[in-house]
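Residue numbers (the UniProt record's numbering): 1 to 326. First up is the structure itself, then whatever we jot down about it.
Put into structure tokens, the structure is as follows:
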């Protein structure tokens, strides 16, 4: 097995203080590896980076069109959002059209990452609801599909028709049988695959023809980066920095993907230690290397060769791409 690669380094003054290792793959639309760092065949849970795969049955089944879903709904179905009003208001309206409510979710409550939303709950002496969960858009999509299929309410059960459809879509897109799944933070099954398989799936999205389910999903993400994550988040800021030409999506524990339609390329990346700072830096380095992200853009500089500031706001070090990208 190929060893993992040094993808991100932490420097303090002249000293290399920490190193994050991981794996990354860039695939073309034929499924061939264009670039690889570490082990392309490492089997990893992609976590929320797989949300566009989990959203595929929503379109292929006809459920999205039957429910009159637009691009904002599709972006939310792929989102790990901050729980801001722009997210929860839209998910709430989506539930209303289904004749459903917060109790129909199976994702669990979550305190919003959005500070105004969090402060609003505190001032109102209210607790977070399931609609605040960063995956509530994905779960609204699951509920839409379950209603369309006439299936039961326990849509996160691995044997439920919704999750069987998700597994079929996942394996078809990656070109591999999944060796299994783990239960995600939102209680849905999260299917494992190789980095190569995930990059291949993202390349298939990138090369998909206009109007296809894959194209509609990545187009929705590119049109609405604010809905995919939120203010201050890497996904939102870097998609804006690339003028909506590339779709990117983070996942828990240091996973990250990119869909690059102009180049018909897909990217999958995993930081072994689950470090978000490592995954964001490494993904920015790959996007710059591929020529789709400006290395001097402020959103890039927050993550690539980014300064580490101390409590007096003095620069003490840098977060830099690892030796693998030299």
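Note that the Cβ used here is the ideal one computed from N, Cα and C, for glycine as well.
Is DSSP giving residue i helix, strand or coil here?
i	result
residue 236	helix
residue 149	helix
residue 56	helix
residue 228	helix
residue 1	Only weak support exists for where residue 1 lies, its pLDDT of 46 falling under 50; the coordinates are left without a value.
residue 325	helix
residue 182	strand
residue 265	strand
Is the CB-CB distance between residue i and residue j below 8 Å?
i	j	result
residue 106	residue 41	no
residue 67	residue 144	yes
residue 304	residue 279	no
residue 98	residue 51	no
residue 26	residue 195	no
residue 251	residue 22	no
residue 170	residue 53	yes
residue 277	residue 82	no
residue 122	residue 206	no
residue 314	residue 216	no
residue 292	residue 249	no
Based on the DSSP secondary-structure assignment, which residues constitute the bridge partners of residue i?
i	result
residue 20	8
residue 315	309
residue 270	23, 255
Quick check: what's the CA-CA separation for residue i versus residue j?
i	j	result
residue 213	residue 29	16 Å
residue 84	residue 118	8 Å
residue 6	residue 178	27 Å
residue 353	residue 286	Outside the modelled stretch of the chain, which goes from 1 to 326, sits residue 353, for which no answer is possible.
residue 89	residue 131	9 Å
residue 237	residue 257	15 Å
residue 377	residue 20	Since the first and last residues shown for the chain are 1 and 326, residue 377 lies out of range.
residue 38	residue 272	10 Å
residue 158	residue 71	28 Å
residue 110	residue 139	14 Å
residue 307	residue 243	25 Å
residue 1	residue 316	A caution first: residue 1 carries a pLDDT of 46, below 50, which makes its placement in the model too unreliable to give a value.
residue 192	residue 326	30 Å
I'd like to know if residue i contacts chain C, where contact means its C-beta is closer than 8 Å to some C-beta of that chain.
i	result
residue 56	Going by chain labels, chain C is absent from the structure shown, which holds only one protein chain.
Is the region 69-78 close to the region 221-228, with three or more CB pairs under 8 Å? yes
Could you say if the region 308-322 and the region 53-69 meet the contact criterion of at least three C-beta pairs nearer than 8 Å? no
contact_flag[the region 130-141, the region 184-196] where n(CB pairs < 8 Å) is 3 or more: yes
Indicate whether the contact test is met: 3 or more Cβ pairs, each with one atom in the region 24-39 and one in the region 196-211, closer than 8 Å. yes
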